[in-house]
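Okay, structure first, notes after.
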Amino acid sequence: EGMRESISELPRPVERCDALVLSTEEWLSRYDGREPTVLTHALESQGAWDAKAWEAYSTRGRLGTCRSYAQLRSVWEIVSRSTHKTPVSAMDEGLLEGDLLRDVLSRVPSFMRQDYFQEACFRDRVEISPACLCRGGPGSRSDFHADFLEWTGWNVLLRGRKLWRWWRRTPANEAAFAGVRVPRLTQVHPEGLAAGWESAADAYAAVCSRRDTGALREEVGVQSAMKVVVAAPGDAFLGRPAPGGDGSIPEPDFETLQLPGEMVVFPGHWWHQVYHYEDTLAVASQYCNDRILLDCLRHVLEWCGVGTGASEVLLADYAPRGRRPAQRLIEEALELALAARRGLPPPLLLCSPPGPPWQAARRARSLNRRAVGMRVPAALSCSRRHRWPPSTRRCRCRCLREPAVIGAVGRGMVSRSVRPVA
Numbered sequence: 034e035g036m037r038e039s040i041s042e043l044p045r046p047v048e049r050c051d052a053l054v055l056s057t058e059e060w061l062s063r064y065d066g067r068e069p070t071v072l073t074h075a076l077e078s079q080g081a082w083d084a085k086a087w088e089a090y091s092t093r094g095r096l097g098t099c100r101s102y103a104q105l106r107s108v109w110e111i112v113s114r115s116t117h118k119t120p121v122s123a124m125d126e127g128l129l130e131g132d133l134l135r136d137v138l139s140r141v142p143s144f145m146r147q148d149y150f151q152e153a154c155f156r157d158r159v160e161i162s163p164a165c166l167c168r169g170g171p172g173s174r175s176d177f178h179a180d181f182l183e184w185t186g187w188n189v190l191l192r193g194r195k196l197w198r199w200w201r202r203t204p205a206n207e208a209a210f211a212g213v214r215v216p217r218l219t220q221v222h223p224e225g226l227a228a229g230w231e232s233a234a235d236a237y238a239a240v241c242s243r244r245d246t247g248a249l250r251e252e253v254g255v256q257s258a259m260k261v262v263v264a265a266p267g268d269a270f271l272g273r274p275a276p277g278g279d280g281s282i283p284e285p286d287f288e289t290l291q292l293p294g295e296m297v298v299f300p301g302h303w304w305h306q307v308y309h310y311e312d313t314l315a316v317a318s319q320y321c322n323d324r325i326l327l328d329c330l331r332h333v334l335e336w337c338g339v340g341t342g343a344s345e346v347l348l349a350d351y352a353p354r355g356r357r358p359a360q361r362l363i364e365e366a367l368e369l370a371l372a373a374r375r376g377l378p379p380p381l382l383l384c385s386p387p388g389p390p391w392q393a394a395r396r397a398r399s400l401n402r403r404a405v406g407m408r409v410p411a412a413l414s415c416s417r418r419h420r421w422p423p424s425t426r427r428c429r430c431r432c433l434r435e436p437a438v439i440g441a442v443g444r445g446m447v448s449r450s451v452r453p454v455a
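Numbering (the numbering used here) for the sequence shown: 34 to 455.
In structure tokens:
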């Protein structure tokens, strides 16, 4: 009961919904990551979920070595010694696999299961982990960040309590947080196919009781302001502004206290930071469905330096029930992004667009007029780079029944926009 009172006292509470009674239509039309939402009974669609039993089963000889090649037992011991002054947390995307992973993902509400990231059109080109096991020590907090790919993120808490805060991507918040881009998906290219945002700000830098906020405000950043070992629900925080920002930390747009068994669903590209009141264990993941597919692909194309005009022409053909399937669009967008990142002159752009070859060539010229710095020849190419006039229906070597289109991309100077976090 005391926990519920703490939630009601939060100045910007997040709406809470019961996943067992929420319909798919209501979720997709009203929630679906548009704003932060808390789902109760999120993993109980197939019956009661015993988080303690799952944790005991998963860690008893099942989870061996983390990504740092350290014994999981050693990592857990280090995390358990965390305090507010010396925060420690651990996240690993490779620990959950096989039946352990299926035990969790099979229980995710049905209205959240559409995920293009895990389909072959995405997975064959870039690898996005289906889930991440997260353990936070008492007093630890995440980096102040915004996720890449514009995805919808979710985090289900198995034990402990966490405080979440979110900030919208407004000009005022951008000026305050002075975020820098951090390349992601670098296994494909060193400069990545996408990039998140990180800030050196800390919304939980100092802890004090609510009645002591005014007295402690003058001491933020001083050692005496860090006397509290671990904060408790109801305590106030004093933030540390980001170097290079405007010297402030705006009030969050949303915040909530997450309790065991609850799932937080949120727009990943918003600024957010999490504080762990206790030793916590959670499973985090993300998804890309029809509602945000174009935003995800636009993020990739923009980061890879593809011209805005070319991106919009490519994405304009898509509609969930339209003539261009989502899988084909994903393949074309990722091939275009990869070509731009690798600087292929000219790159192989599109896979077998529908219609006769002359329509494909016209579409290629349309893309070219909106792209940056390259020209598209009025010719087609097969997978062996043989070329033939657009009036020919197929390659003379008959190596491909339908042609692919040679297109144009803009080459982004990504390295100039990346700098380390201060």
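Heads up, the beta-carbon is just placed ideally off N, CA and C, and yes, glycines get one too.
Quick caveat: nothing in here was measured; it's all calculated off a predicted structure.
| request: Determine the closest residue to arginine 192 out of Leu133, Ala315, Gly301, with distance taken between C-alpha atoms. | output: The option with the nearest alpha carbon to arginine 192 is Ala315.
| Simplified DSSP assignment, three categories, for arginine 49 | Strand, per DSSP.
| task | Give the DSSP bridge partners of histidine 309, in chain order. | result | Within the DSSP secondary-structure output, histidine 309 pairs in a beta bridge with Lys195.
| For tryptophan 200, which beta-bridge partners are listed by DSSP? | Trp304
| query | Straight-line CA distance for proline 142 to arginine 156? | reply | 22 Å
| said: Just to confirm the assignment, what range does the alpha helix (DSSP H) spanning leucine 113 have? | reply: Correcting the residue type first, residue 113 is serine in the shown sequence and not leucine. Start and end: 105-113.
| query | Thinking C-alpha only, which one of Glu295, Pro274, Val213, Ala349 is nearest phenylalanine 181? | reply | Val213
| task | On the DSSP bridge assignment, give the partners of leucine 487 in chain order. | result | A question about residue 487 goes unanswered here, because the residues of the chain that appear run from 34 up to 455.
| request: Taking only the alpha-carbon atoms, compute the straight-line gap between alanine 52 and arginine 375 and give it to the nearest angstrom. | output: 44 Å
| query | So, are the CB atoms of alanine 373 and glycine 338 less than 7 Å apart? | reply | yes
| said: Using the Cβ count rule (16 or more neighbours within 10 Å means buried), how would you classify isoleucine 111? | reply: Exposed.
| said: Using CA atoms only, rank isn't needed, just tell me which of Cys50, Arg63, Glu68, Trp87 is closest to histidine 302. | reply: Glu68
| request: Could you tell me whether the segment 324-337 touches the segment 202-211, using the rule of 3 or more Cβ pairs below 8 Å? | output: no
| message | Contact defined as beta carbons within less than 8 Å: I believe glycine 172 pairs with threonine 116. What is the distance between those atoms, to the nearest angstrom? | response | Contact annotation, glycine 172 with threonine 116: C-beta distance approximately 5 Å; criterion of less than 8 Å satisfied.
| What residues in its chain sit with their C-beta under 7 Å from that of proline 120, if we drop five residues either side in the sequence? | Correct list, in chain order: Gly170, Gly172, Ser173, Arg174.
| query | Where does methionine 163 land, buried or exposed, given buried means 16+ other C-beta within 10 angstroms? | reply | Before going on, a small fix: residue 163 reads as proline here, not methionine. With 16 or more other Cβ atoms within 10 Å, it is buried.
| message | In the DSSP output, which residue or residues are listed as bridge partners for arginine 140? | response | Bridge partners of arginine 140 according to DSSP: none are assigned.
| request: Hey, could you find the ends of the alpha helix (DSSP H) valine 71 is sitting in? | output: It is not in any alpha helix (DSSP H) - valine 71 instead sits in the beta strand (DSSP E) that spans 70-73.
| request: Work out the CA separation of aspartate 279 and valine 298 for me, nearest whole Å. | output: 30 Å
| query | CA-CA distance, histidine 222 and glutamate 48? | reply | 40 Å
| When the Cα of proline 300 is compared with those of Phe177, Trp82, Thr70, Cys154, which residue comes out closest? | Thr70
| task | Count the other C-beta atoms from every protein chain shown that fall within 10 angstroms of the C-beta of proline 358, then say buried if there are 16 or more, exposed otherwise. | result | Label assigned to proline 358: exposed.
| message | Does the structure place the segment 268-287 close enough to the segment 125-132 that three or more beta carbon pairs sit under 8 Å? | response | no
| Per DSSP, cross-strand counterpart(s) of tryptophan 187 | Val298, Ser318
| Beta-carbon contacts of arginine 201 that lie in its chain and below 7 Å, excluding the five residues immediately before and after | Counting only Cβ-Cβ distances below 7 Å, and skipping sequence neighbours, we find Asp286, Trp303.
| query | If you draw a straight line from the alpha carbon of tryptophan 109 to that of tyrosine 310, how long is it in whole angstroms? | reply | 17 Å
| Considering only residues of the same chain and omitting the five flanking positions on each side of asparagine 322, which have a CB-CB separation below 6 Å? | Gln147.
| task | From the DSSP output, read off the bridge partner residues of valine 215. | result | Gly229
| request: Check whether the Cβ atoms of arginine 140 and serine 78 lie closer than 7 Å to each other. | output: yes
| query | Rounded C-beta distance between alanine 234 and proline 274? I'm assuming under 8 Å. | reply | The C-beta distance from alanine 234 to proline 274 rounds to 6 Å, short enough to fall under 8 Å.
| Would you report the Cα separation of serine 232 and arginine 217, rounded to the nearest angstrom? | Their Cα atoms are separated by approximately 16 Å.
| request: Check the DSSP bridge columns for serine 122 and list the partner residues they point to. | output: Gly169
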